[in-house]
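**Student:**
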Amino acid sequence: ITVMTDAVFKDILEIVRTPYQLSGNATAAPLGNGHINQTVLVRDGKQLLVAQKINTLVFRNPGALVHNARTIESHLEYKKEAPGIIRHLPGKDGSYLHGPDRDVRVLEYINGSRSIEVLDSPVQARELAYSFARFSRALSDLDTGRLVSVIPDFHNPSMRYRHFLDALQIATAARTTACHSEVKFVCRTEPLLDEWHSLLKSLPVRICHNDCKISNILFSELDNQVLAVIDLDTTMPGSLITDFGDMVRTCCNPEVEDSRVLERVIVRPDVFEALTEGYKKGLKGIIQAQEISSLVSGALMVCFVQGVRFLTDFLAGDRYYQVDYSLHNLDRARNQFQLFRSLQAQESELKDICLLKV
10 ITVMTDAVFK DILEIVRTPY QLSGNATAAP LGNGHINQTV LVRDGKQLLV AQKINTLVFR
70 NPGALVHNAR TIESHLEYKK EAPGIIRHLP GKDGSYLHGP DRDVRVLEYI NGSRSIEVLD
130 SPVQARELAY SFARFSRALS DLDTGRLVSV IPDFHNPSMR YRHFLDALQI ATAARTTACH
190 SEVKFVCRTE PLLDEWHSLL KSLPVRICHN DCKISNILFS ELDNQVLAVI DLDTTMPGSL
250 ITDFGDMVRT CCNPEVEDSR VLERVIVRPD VFEALTEGYK KGLKGIIQAQ EISSLVSGAL
310 MVCFVQGVRF LTDFLAGDRY YQVDYSLHNL DRARNQFQLF RSLQAQESEL KDICLLKV
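Okay, structure coming up:
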(Lines of atoms letter the chains of each structure in order from A and count residues from 1; the text may use other names and numbers.)
(Lines give C-alpha, C1' and ligand atoms only; values in the text may rest on other atoms or scores of the structure.)
Protein backbone atom coordinates (compact mmCIF):
# COMPACT_ATOMS: atom_id res chain seq x y z
CA ILE A 1 0.00 0.00 0.00
CA THR A 2 1.29 3.45 -0.87
CA VAL A 3 1.46 5.59 2.26
CA MET A 4 0.15 9.15 1.93
CA THR A 5 3.52 10.89 2.40
CA ASP A 6 4.56 14.42 1.45
CA ALA A 7 6.20 12.95 -1.64
CA VAL A 8 2.95 11.27 -2.75
CA PHE A 9 0.76 14.34 -2.58
CA LYS A 10 3.45 16.57 -4.05
CA ASP A 11 3.61 14.14 -6.97
CA ILE A 12 -0.16 14.46 -7.44
CA LEU A 13 0.20 18.25 -7.39
CA GLU A 14 2.88 18.19 -10.09
CA ILE A 15 0.73 15.95 -12.31
CA VAL A 16 -2.20 18.40 -12.26
CA ARG A 17 -0.18 21.62 -12.29
CA THR A 18 0.05 22.03 -16.08
CA PRO A 19 -3.39 20.68 -17.11
CA TYR A 20 -5.10 23.06 -14.67
CA GLN A 21 -2.72 25.99 -15.20
CA LEU A 22 -1.70 26.20 -11.55
CA SER A 23 0.84 28.74 -10.41
CA GLY A 24 4.17 27.97 -8.80
CA ASN A 25 2.63 28.88 -5.45
CA ALA A 26 0.04 26.09 -5.55
CA THR A 27 0.10 23.68 -2.59
CA ALA A 28 -1.49 20.31 -1.78
CA ALA A 29 -2.50 18.70 1.49
CA PRO A 30 -4.22 15.39 2.31
CA LEU A 31 -8.02 15.48 2.30
CA GLY A 32 -10.48 13.06 3.90
CA ASN A 33 -10.10 9.58 5.38
CA GLY A 34 -10.79 7.34 2.39
CA HIS A 35 -9.41 3.81 2.43
CA ILE A 36 -8.89 3.40 -1.33
CA ASN A 37 -7.85 6.42 -3.39
CA GLN A 38 -5.34 9.10 -2.40
CA THR A 39 -6.95 12.52 -2.24
CA VAL A 40 -5.49 15.99 -1.80
CA LEU A 41 -6.88 19.51 -1.58
CA VAL A 42 -5.05 21.80 -3.99
CA ARG A 43 -4.84 25.51 -3.14
CA ASP A 44 -3.77 28.10 -5.67
CA GLY A 45 -4.58 31.54 -4.37
CA LYS A 46 -8.37 31.59 -3.97
CA GLN A 47 -8.83 28.55 -6.22
CA LEU A 48 -9.52 25.21 -4.49
CA LEU A 49 -9.55 21.86 -6.32
CA VAL A 50 -9.69 18.22 -5.25
CA ALA A 51 -7.05 16.04 -6.94
CA GLN A 52 -7.17 12.29 -6.58
CA LYS A 53 -4.90 9.41 -7.52
CA ILE A 54 -7.11 6.43 -8.31
CA ASN A 55 -6.12 3.08 -6.81
CA THR A 56 -5.88 0.96 -9.95
CA LEU A 57 -5.58 -2.26 -7.95
CA VAL A 58 -9.20 -1.65 -6.97
CA PHE A 59 -10.44 0.31 -9.98
CA ARG A 60 -8.60 -1.27 -12.88
CA ASN A 61 -10.19 1.00 -15.47
CA PRO A 62 -10.09 4.67 -14.37
CA GLY A 63 -11.76 5.62 -17.65
CA ALA A 64 -14.85 3.69 -16.58
CA LEU A 65 -15.07 5.79 -13.40
CA VAL A 66 -14.98 8.98 -15.44
CA HIS A 67 -17.53 7.60 -17.94
CA ASN A 68 -19.97 6.68 -15.16
CA ALA A 69 -19.49 9.96 -13.33
CA ARG A 70 -20.06 12.08 -16.43
CA THR A 71 -23.12 10.00 -17.38
CA ILE A 72 -24.57 10.60 -13.92
CA GLU A 73 -23.65 14.30 -13.97
CA SER A 74 -25.41 14.73 -17.31
CA HIS A 75 -28.51 12.84 -16.19
CA LEU A 76 -28.89 14.81 -12.94
CA GLU A 77 -28.02 18.24 -14.32
CA TYR A 78 -31.60 19.44 -14.84
CA LYS A 79 -33.30 17.41 -12.11
CA LYS A 80 -34.38 19.80 -9.37
CA GLU A 81 -35.23 16.96 -7.00
CA ALA A 82 -31.72 15.47 -7.20
CA PRO A 83 -29.18 16.14 -4.44
CA GLY A 84 -25.98 17.99 -5.25
CA ILE A 85 -22.98 16.01 -6.49
CA ILE A 86 -19.34 16.85 -7.11
CA ARG A 87 -18.40 17.09 -10.78
CA HIS A 88 -15.24 15.98 -12.55
CA LEU A 89 -13.31 18.90 -14.04
CA PRO A 90 -11.47 18.61 -17.37
CA GLY A 91 -7.97 19.95 -17.89
CA LYS A 92 -7.23 22.66 -20.45
CA ASP A 93 -6.94 19.97 -23.17
CA GLY A 94 -10.36 18.53 -22.29
CA SER A 95 -8.93 15.39 -20.67
CA TYR A 96 -10.25 14.09 -17.34
CA LEU A 97 -7.35 11.74 -16.55
CA HIS A 98 -3.74 12.78 -16.15
CA GLY A 99 -0.26 11.50 -15.37
CA PRO A 100 1.86 8.80 -17.00
CA ASP A 101 -0.61 6.10 -15.90
CA ARG A 102 -3.73 8.22 -16.60
CA ASP A 103 -4.87 7.63 -13.03
CA VAL A 104 -5.11 11.16 -11.58
CA ARG A 105 -8.31 13.22 -11.84
CA VAL A 106 -9.59 16.56 -10.55
CA LEU A 107 -12.96 17.22 -8.91
CA GLU A 108 -14.64 20.43 -7.85
CA TYR A 109 -14.41 21.50 -4.21
CA ILE A 110 -17.45 22.82 -2.34
CA ASN A 111 -16.51 25.68 -0.04
CA GLY A 112 -18.03 25.70 3.42
CA SER A 113 -18.57 21.94 3.45
CA ARG A 114 -17.54 19.22 5.85
CA SER A 115 -17.74 15.47 6.01
CA ILE A 116 -18.14 13.52 9.25
CA GLU A 117 -17.11 10.06 10.43
CA VAL A 118 -19.57 9.56 13.31
CA LEU A 119 -23.18 10.71 13.29
CA ASP A 120 -24.13 13.64 15.51
CA SER A 121 -27.90 13.08 15.79
CA PRO A 122 -30.94 11.18 14.47
CA VAL A 123 -31.96 14.35 12.60
CA GLN A 124 -28.69 14.15 10.69
CA ALA A 125 -29.37 10.47 9.96
CA ARG A 126 -32.79 11.28 8.50
CA GLU A 127 -31.31 13.93 6.20
CA LEU A 128 -28.50 11.65 5.11
CA ALA A 129 -30.86 8.77 4.25
CA TYR A 130 -33.22 11.13 2.46
CA SER A 131 -30.32 12.44 0.34
CA PHE A 132 -29.11 8.99 -0.69
CA ALA A 133 -32.73 8.04 -1.47
CA ARG A 134 -33.16 11.16 -3.63
CA PHE A 135 -29.95 10.22 -5.43
CA SER A 136 -31.28 6.76 -6.37
CA ARG A 137 -34.73 8.17 -7.15
CA ALA A 138 -33.26 10.73 -9.58
CA LEU A 139 -31.39 7.92 -11.35
CA SER A 140 -34.37 5.55 -11.45
CA ASP A 141 -35.12 6.48 -15.08
CA LEU A 142 -31.52 6.06 -16.26
CA ASP A 143 -30.94 2.88 -18.28
CA THR A 144 -28.77 0.64 -16.09
CA GLY A 145 -26.90 -0.49 -19.22
CA ARG A 146 -25.36 2.96 -19.59
CA LEU A 147 -23.21 2.48 -16.49
CA VAL A 148 -20.17 0.21 -16.38
CA SER A 149 -20.02 -2.25 -13.45
CA VAL A 150 -16.62 -1.07 -12.24
CA ILE A 151 -16.37 -3.87 -9.63
CA PRO A 152 -18.48 -6.85 -10.75
CA ASP A 153 -20.14 -8.76 -7.88
CA PHE A 154 -19.34 -5.87 -5.52
CA HIS A 155 -22.03 -6.93 -3.03
CA ASN A 156 -21.93 -10.67 -3.76
CA PRO A 157 -21.65 -12.27 -0.28
CA SER A 158 -20.71 -15.69 -1.65
CA MET A 159 -17.82 -14.25 -3.64
CA ARG A 160 -16.56 -12.33 -0.59
CA TYR A 161 -16.62 -15.58 1.40
CA ARG A 162 -14.64 -17.37 -1.32
CA HIS A 163 -12.03 -14.59 -1.23
CA PHE A 164 -11.85 -15.03 2.55
CA LEU A 165 -11.19 -18.78 2.16
CA ASP A 166 -8.50 -18.06 -0.45
CA ALA A 167 -6.80 -15.56 1.86
CA LEU A 168 -6.94 -18.05 4.71
CA GLN A 169 -4.94 -20.51 2.62
CA ILE A 170 -2.06 -18.09 2.01
CA ALA A 171 -2.02 -16.24 5.35
CA THR A 172 1.01 -16.36 7.61
CA ALA A 173 0.79 -18.39 10.80
CA ALA A 174 1.06 -15.20 12.86
CA ARG A 175 -1.90 -13.57 11.14
CA THR A 176 -4.02 -16.73 11.26
CA THR A 177 -3.36 -17.08 14.99
CA ALA A 178 -4.18 -13.42 15.67
CA CYS A 179 -7.67 -13.74 14.14
CA HIS A 180 -8.50 -17.32 15.16
CA SER A 181 -11.81 -16.43 16.87
CA GLU A 182 -12.89 -14.17 13.99
CA VAL A 183 -12.24 -16.94 11.47
CA LYS A 184 -14.39 -19.30 13.52
CA PHE A 185 -17.16 -16.69 13.68
CA VAL A 186 -17.17 -16.25 9.90
CA CYS A 187 -17.32 -19.99 9.30
CA ARG A 188 -20.21 -20.37 11.78
CA THR A 189 -22.17 -17.62 10.05
CA GLU A 190 -21.56 -18.93 6.52
CA PRO A 191 -25.03 -20.66 6.25
CA LEU A 192 -26.66 -17.22 5.96
CA LEU A 193 -24.89 -16.56 2.65
CA ASP A 194 -27.27 -18.66 0.55
CA GLU A 195 -30.26 -16.89 2.11
CA TRP A 196 -28.80 -13.46 1.29
CA HIS A 197 -27.80 -14.52 -2.21
CA SER A 198 -31.35 -15.68 -2.97
CA LEU A 199 -32.77 -12.47 -1.52
CA LEU A 200 -30.60 -10.25 -3.74
CA LYS A 201 -31.64 -12.22 -6.84
CA SER A 202 -35.32 -11.68 -6.00
CA LEU A 203 -35.14 -7.88 -5.65
CA PRO A 204 -35.38 -5.22 -8.39
CA VAL A 205 -32.13 -4.03 -9.96
CA ARG A 206 -31.63 -0.33 -9.22
CA ILE A 207 -28.88 2.19 -9.86
CA CYS A 208 -27.35 2.50 -6.42
CA HIS A 209 -24.55 4.50 -4.86
CA ASN A 210 -23.10 1.29 -3.36
CA ASP A 211 -21.00 3.12 -0.75
CA CYS A 212 -23.53 4.96 1.42
CA LYS A 213 -21.18 5.83 4.24
CA ILE A 214 -21.85 8.88 6.36
CA SER A 215 -18.51 10.29 5.18
CA ASN A 216 -19.85 10.31 1.59
CA ILE A 217 -22.28 13.12 2.37
CA LEU A 218 -21.09 16.73 2.53
CA PHE A 219 -22.80 18.90 5.13
CA SER A 220 -22.80 22.69 5.36
CA GLU A 221 -20.49 24.03 8.05
CA LEU A 222 -23.03 26.79 8.74
CA ASP A 223 -26.34 24.98 9.21
CA ASN A 224 -25.65 21.22 8.80
CA GLN A 225 -27.79 21.03 5.66
CA VAL A 226 -26.80 18.38 3.12
CA LEU A 227 -24.84 19.95 0.27
CA ALA A 228 -23.86 16.95 -1.85
CA VAL A 229 -23.59 13.20 -2.26
CA ILE A 230 -19.96 12.41 -3.05
CA ASP A 231 -17.72 9.50 -4.14
CA LEU A 232 -19.75 8.10 -7.03
CA ASP A 233 -17.07 5.57 -8.03
CA THR A 234 -19.18 2.52 -7.15
CA THR A 235 -22.48 3.91 -8.46
CA MET A 236 -23.75 1.08 -10.66
CA PRO A 237 -26.63 -1.43 -10.84
CA GLY A 238 -27.37 -3.01 -7.48
CA SER A 239 -29.94 -3.34 -4.70
CA LEU A 240 -31.45 -0.67 -2.45
CA ILE A 241 -31.04 -2.91 0.60
CA THR A 242 -27.26 -2.80 0.33
CA ASP A 243 -27.29 1.01 0.18
CA PHE A 244 -29.50 1.05 3.26
CA GLY A 245 -27.24 -1.50 4.93
CA ASP A 246 -24.22 0.76 4.42
CA MET A 247 -26.08 3.62 6.09
CA VAL A 248 -26.93 1.43 9.08
CA ARG A 249 -23.34 0.22 9.24
CA THR A 250 -21.84 3.70 9.34
CA CYS A 251 -24.54 5.71 11.13
CA CYS A 252 -25.99 3.46 13.82
CA ASN A 253 -22.62 2.69 15.37
CA PRO A 254 -21.67 5.39 17.94
CA GLU A 255 -18.02 4.40 17.48
CA VAL A 256 -15.74 4.85 14.44
CA GLU A 257 -15.32 1.68 12.38
CA ASP A 258 -11.85 0.91 13.76
CA SER A 259 -12.76 1.49 17.41
CA ARG A 260 -11.47 -1.18 19.77
CA VAL A 261 -14.00 -0.31 22.49
CA LEU A 262 -16.30 -3.09 21.33
CA GLU A 263 -18.70 -2.89 24.26
CA ARG A 264 -19.76 0.51 22.88
CA VAL A 265 -20.31 -0.81 19.35
CA ILE A 266 -24.10 -1.12 19.16
CA VAL A 267 -26.95 -0.32 16.78
CA ARG A 268 -28.80 2.76 18.08
CA PRO A 269 -32.55 2.16 17.48
CA ASP A 270 -33.39 5.88 17.31
CA VAL A 271 -30.83 6.38 14.56
CA PHE A 272 -32.08 3.27 12.74
CA GLU A 273 -35.64 4.62 12.84
CA ALA A 274 -34.48 8.00 11.50
CA LEU A 275 -32.61 6.30 8.64
CA THR A 276 -35.68 4.23 7.77
CA GLU A 277 -37.97 7.27 7.77
CA GLY A 278 -35.64 9.33 5.58
CA TYR A 279 -34.97 6.52 3.12
CA LYS A 280 -38.61 5.53 2.67
CA LYS A 281 -39.67 9.17 2.33
CA GLY A 282 -37.08 9.82 -0.38
CA LEU A 283 -38.12 6.72 -2.33
CA LYS A 284 -41.87 6.93 -1.76
CA GLY A 285 -43.76 5.52 -4.75
CA ILE A 286 -40.64 3.71 -6.02
CA ILE A 287 -39.45 1.43 -3.24
CA GLN A 288 -41.44 -1.83 -3.16
CA ALA A 289 -42.90 -3.63 -0.14
CA GLN A 290 -40.47 -6.53 -0.57
CA GLU A 291 -37.53 -4.11 -0.46
CA ILE A 292 -38.85 -2.45 2.71
CA SER A 293 -39.34 -5.81 4.44
CA SER A 294 -35.76 -6.78 3.47
CA LEU A 295 -33.98 -3.68 4.81
CA VAL A 296 -32.85 -5.32 8.06
CA SER A 297 -31.55 -8.35 6.15
CA GLY A 298 -29.59 -5.92 3.97
CA ALA A 299 -28.06 -4.31 7.05
CA LEU A 300 -27.07 -7.68 8.50
CA MET A 301 -25.53 -8.76 5.21
CA VAL A 302 -23.57 -5.53 4.67
CA CYS A 303 -22.13 -5.50 8.21
CA PHE A 304 -21.09 -9.14 7.98
CA VAL A 305 -19.67 -8.88 4.47
CA GLN A 306 -17.73 -5.72 5.32
CA GLY A 307 -16.26 -7.49 8.33
CA VAL A 308 -15.29 -10.40 6.08
CA ARG A 309 -13.64 -7.98 3.64
CA PHE A 310 -11.57 -6.38 6.40
CA LEU A 311 -10.62 -9.82 7.76
CA THR A 312 -9.73 -11.06 4.27
CA ASP A 313 -7.44 -8.10 3.72
CA PHE A 314 -5.79 -8.67 7.09
CA LEU A 315 -5.13 -12.32 6.19
CA ALA A 316 -3.82 -11.32 2.75
CA GLY A 317 -1.33 -8.82 4.15
CA ASP A 318 -3.28 -5.53 3.91
CA ARG A 319 -3.25 -5.13 0.14
CA TYR A 320 -6.63 -3.44 -0.39
CA TYR A 321 -7.36 -1.00 2.44
CA GLN A 322 -4.90 1.58 3.68
CA VAL A 323 -3.80 0.79 7.24
CA ASP A 324 -2.08 2.78 9.97
CA TYR A 325 -0.82 -0.14 12.07
CA SER A 326 -0.38 -3.91 11.79
CA LEU A 327 -3.75 -4.96 13.30
CA HIS A 328 -5.81 -2.15 11.77
CA ASN A 329 -7.85 -4.35 9.43
CA LEU A 330 -8.42 -6.91 12.17
CA ASP A 331 -9.74 -4.21 14.49
CA ARG A 332 -12.06 -3.04 11.72
CA ALA A 333 -13.32 -6.60 11.22
CA ARG A 334 -13.97 -7.08 14.95
CA ASN A 335 -15.90 -3.83 14.98
CA GLN A 336 -18.15 -4.90 12.10
CA PHE A 337 -18.80 -8.34 13.57
CA GLN A 338 -19.80 -6.75 16.87
CA LEU A 339 -22.22 -4.47 15.00
CA PHE A 340 -23.63 -7.53 13.23
CA ARG A 341 -24.27 -9.20 16.60
CA SER A 342 -26.04 -6.09 17.86
CA LEU A 343 -28.27 -6.11 14.76
CA GLN A 344 -29.11 -9.77 15.27
CA ALA A 345 -30.03 -9.14 18.91
CA GLN A 346 -32.49 -6.39 17.88
CA GLU A 347 -33.64 -7.91 14.58
CA SER A 348 -37.33 -8.31 15.45
CA GLU A 349 -37.70 -4.76 16.82
CA LEU A 350 -35.86 -3.25 13.85
CA LYS A 351 -38.07 -5.10 11.35
CA ASP A 352 -41.12 -3.62 13.09
CA ILE A 353 -39.61 -0.14 12.69
CA CYS A 354 -39.19 -0.72 8.94
CA LEU A 355 -42.88 -1.52 8.55
CA LEU A 356 -44.07 1.70 10.22
CA LYS A 357 -45.83 4.17 7.93
CA VAL A 358 -43.88 7.29 6.93
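Numbering (the working numbering), first residue to last: 10 to 367.
The C-beta atom is built at its ideal place from N, Cα and C for all residues, glycine as well.
Nothing here was measured: the structure is a model prediction, and the numbers come from that model.
#1: For the putative contact between L227 and I119, defined by C-beta atoms under 8 Å, what is the C-beta separation to the nearest angstrom?
#2: So, L174 versus H84, is the Cβ gap smaller than 8 Å?
#3: Pull up the DSSP beta-bridge partners for K366, would you.
#4: In the DSSP assignment, what residue or residues form a beta bridge with M245?
#5: Where are the alpha helix (DSSP H) runs, 4 residues long or more, that stay fully inside the stretch 270-327, in chain order?
#6: Using DSSP with H/G/I as helix, E/B as strand and the rest coil, what is K62?
#7: Quick check: the Cα distance between K210 and G247, rounded to an integer number of angstroms?
#8: Keeping to the same chain, check which residues put their C-beta closer than 8 Å to that of C188; ignore five residues upstream and five downstream.
#9: Could you give the residue range of the alpha helix (DSSP H) that holds A16?
#10: Based on Cα-Cα distance, which residue from I223, P263, G41 and T186 lies nearest to A138?
#11: Would V113 pass as a contact of A60 if the rule is Cβ separation under 8 Å?
#12: Between the alpha carbons of I160 and Q133, how many angstroms are there, rounded?
#13: Of the choices V75, N64, Q30 and P213, whose alpha-carbon is the least far from that of Q56?
#14: Could you give the DSSP three-state label for H44: helix, strand or coil?
#15: Under three-state DSSP, which class holds E82?
#16: Nearest to L336 by CA position, among T185, E358 and E230, is which residue?
#17: Between G103 and I301, what straight-line distance do the alpha-carbon atoms span, to the nearest angstrom?
#18: Might you give, ordered along the chain, the residues of its own chain that have their beta carbon closer than 7 Å to the beta carbon of L151, omitting 5 neighbours on each side?
#19: For H206, which three-state DSSP category applies?
#20: Under 8 Å between the Cβ atoms of V280 and C260?
#21: Below 6 Å CB to CB, which residues in the same chain sit around D242 once its five sequence neighbours on both sides are set aside?
#22: Quick check on DSSP: helix, strand or coil for S229?
#23: The alpha helix (DSSP H) with P39 in it runs from where to where?
#24: Any idea if L364 is buried or exposed, counting beta-carbon neighbours within 10 angstroms, 16 or more meaning buried?
**Tutor:** Walking through what the data contain:
#1: Yes, L227 and I119 are in contact; Cβ-Cβ is about 6 Å, under 8 Å.
#2: At the C-beta level, L174 and H84 stay beyond 8 Å of one another.
#3: Answer is none; K366 lacks a bridge partner.
#4: Answer is C217.
#5: The stretch 270-327 is shown to contain whole alpha helix (DSSP H) runs of 4 or more residues at 278-291, 298-302 and 304-325, in chain order.
#6: If DSSP states are grouped into helix, strand and coil, K62 belongs with the strands.
#7: In a straight line, the C-alpha of K210 is about 10 Å away from that of G247.
#8: Around C188: L320, F323, L324, L339 and A342.
#9: Under the DSSP assignment, A16 falls in the alpha helix (DSSP H) whose first and last residues are D15 to R26.
#10: The shortest C-alpha separation from A138 is found at I223.
#11: Result yes, Cβ atoms of V113 and A60 sit closer than 8 Å.
#12: I160 and Q133: Cα-Cα distance of roughly 30 Å.
#13: Closest option to Q56, Cα to Cα, is Q30.
#14: Note: H44 maps to coil in three-state DSSP.
#15: The DSSP-derived three-state label of E82 is helix.
#16: Nearest option by C-alpha distance: T185.
#17: The straight-line gap from Cα to Cα measures roughly 43 Å.
#18: Short of 7 Å from the beta carbon of L151, and not among the five residues preceding or following it, lie these beta carbons of its own chain, in chain order: H84 and I216.
#19: Secondary structure of H206 (DSSP, three-state): helix.
#20: Result yes, Cβ atoms of V280 and C260 sit closer than 8 Å.
#21: Counting only Cβ-Cβ distances below 6 Å, and skipping sequence neighbours, we find L74.
#22: Under the three-state reduction of DSSP output, S229 falls in the strand class.
#23: Segment T36 to P39 is the beta strand (DSSP E) holding P39; no alpha helix (DSSP H) there.
#24: L364 is exposed by the Cβ-count criterion.
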